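Heads up: the structure comes next, in structure tokens.
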Amino acid sequence: MTRIALISDIHGNSLALRAVLEDISWRSVDQIISLGDVVGYGPEPEECLALVREHCGVSIRGNHEDAVLSPKQAEGFNGHARAAINWTCSKLDLDAINQIRSMPTWSHIEPGIVCVHDSPVPQDGYGYIRTRSDATPVLRSMHERICLFGHTHLPAVFTISQHRQLSRATRVLPRTGDLIRLDRDEKYLLNPGSVGQPRDGDCRASWGILDLGAMSFSTQRSAYEVSSVRHAITCAGLPTFLGERLLIGA
């Protein structure tokens, strides 16, 4: 396994996912990994689950999958997210539920490389790693050299020296397509952003490539018909806000 495509936070947006899978198909990757939240918010949860089952070698369970399995998990969600989870649960058949149930919460894909949805530090419990202050204690605590994560819907790279772990984390905002070289003396948190509901001001689907041969990471963007998904969200009876935010990547 040398080149890995990383996707996360698809959130029931099959049009975005199909655009990403099409772009991945000509990038010579060896495996695709989903970092969680395949469902929630969007109008095609079963189709997204089927595509992930077909294309992904590893599929991590996110907090929206947890909420499908245990509705109490959605009590902390905002009103739009709770409404979407309730709607999603009404659309999933037993096969889809069993697929979600079989998803692990973490996976070691190589020695020193772990995949999670939110944080590799268990006590964080759905914690968001958005800032240097968020990332610093996580990087200091985690045993692995590289953690692949999602949850924030924001592409990002955080790093800290393995030899100077009392220092603060450094944050890099990756520009689309730029290669970020990974130093063997550093520990990394790598986030590919969100396929189905990006929140960094860019409405295109966000994903990443981790090249273990070249020791590099890059984020990529895939365009799709966002307005069509907004229309589908409205027609499905989901909160209209969930469609409107897609137009501005927020």
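Here this note's numbering = 1-based position in the sequence shown + 517. Think of the CB as a built atom: it goes at the ideal place given N, C-alpha and C, for glycine as much as any other residue. Computed from a prediction, not measured in an experiment: that's the story for all the values here.
* Tell me whether N615 sits in a helix, a strand or coil according to DSSP, three-state version. => In the sequence shown, counting from the first residue as 1, residue 615 sits at position 98. If DSSP states are grouped into helix, strand and coil, N615 belongs with the helices.
* Asked: Nearest-angstrom Cα distance between Y741 and P715?
  -> The residue you call residue 741 lines up with position 224 of the sequence shown. The residue you call residue 715 lines up with position 198 of the sequence shown. Taken atom to atom, the span from the alpha-carbon of Y741 to that of P715 is near 13 Å.
* Asked: Is it true that the CB of R578 sits closer than 8 Å to the CB of I617?
  -> Along the sequence shown, one-based indexing puts residue 617 at 100. Along the sequence shown, one-based indexing puts residue 578 at 61. Yes, Cβ-Cβ distance for I617 and R578 is below 8 Å.
* To do: Could you check if Q737 is buried or exposed, using at least 16 other CB atoms within 10 Å of its CB as the buried criterion?
  => Residue mapping note: residue 737 aligns to position 220 of the sequence shown, counting from 1. By the neighbour-count rule (16 or more Cβ atoms within 10 Å), Q737 is buried.
* Asked: W623 and V638 look like a contact to me (Cβ under 8 Å); what is the Cβ gap, rounded to whole Å?
  -> Here residue 623 corresponds to residue number 106 of the sequence shown, with the count starting at 1. Here residue 638 corresponds to residue number 121 of the sequence shown, with the count starting at 1. Under the criterion of beta carbons closer than 8 Å, W623 and V638 do not qualify as touching, at roughly 11 Å.
* **Candidates P560, D719, Q548, D651: closest to I765 by CA position** => Translated into positions along the sequence shown, residue 765 becomes position 248. Closest by alpha carbon: D719.
* To do: Less than 8 Å between the CB atoms is what I'm expecting for L696 and V674, so what's the real figure, rounded?
  => In the sequence shown, residue 696 corresponds to position 179, counting from 1. In the sequence shown, residue 674 corresponds to position 157, counting from 1. L696 to V674, Cβ: 11 Å. No contact.
* Any idea what DSSP makes of I541, helix, strand or coil? -> Position 24 of the sequence shown, counted from the start, is the residue given in the question as residue 541. Helix at I541.
* Asked: Taking the beta strand (DSSP E) that R738 falls in, what are its first and last residues?
  -> Start at 1 with the first residue of the sequence shown, and residue 738 comes out as number 221. The continuous beta strand (DSSP E) containing R738 extends over residues 733–739.
* Secondary structure of R688, DSSP reduced to three states -> Looking up residue 688 in the sequence shown gives position 171. Residue state, collapsed to three classes: strand.
* DSSP three-state call for E592: helix, strand or coil? -> As a working mapping, residue 592 is identified with position 75 in the sequence shown. Looking at E592 - three-state DSSP - the assignment turns out to be helix.
* On the DSSP bridge assignment, give the partners of Q548 in chain order. => Position 31 of the sequence shown, counted from the start, is the residue given in the question as residue 548. For Q548, which the question treats as bridged, DSSP gives the partners I521.
* Would the beta-carbon of G694 fall within 8 Å of that of A533? -> Along the sequence shown, read from residue 1 onward, the residue named residue 694 stands at position 177. Along the sequence shown, read from residue 1 onward, the residue named residue 533 stands at position 16. Taking 8 Å as the Cβ cut-off, G694 and A533 do not qualify as a contacting pair.
* **Reduced DSSP category for C632 - H, G, I as helix; E, B as strand; rest coil** => Along the sequence shown, read from residue 1 onward, the residue named residue 632 stands at position 115. Under the three-state reduction of DSSP output, C632 falls in the strand class.
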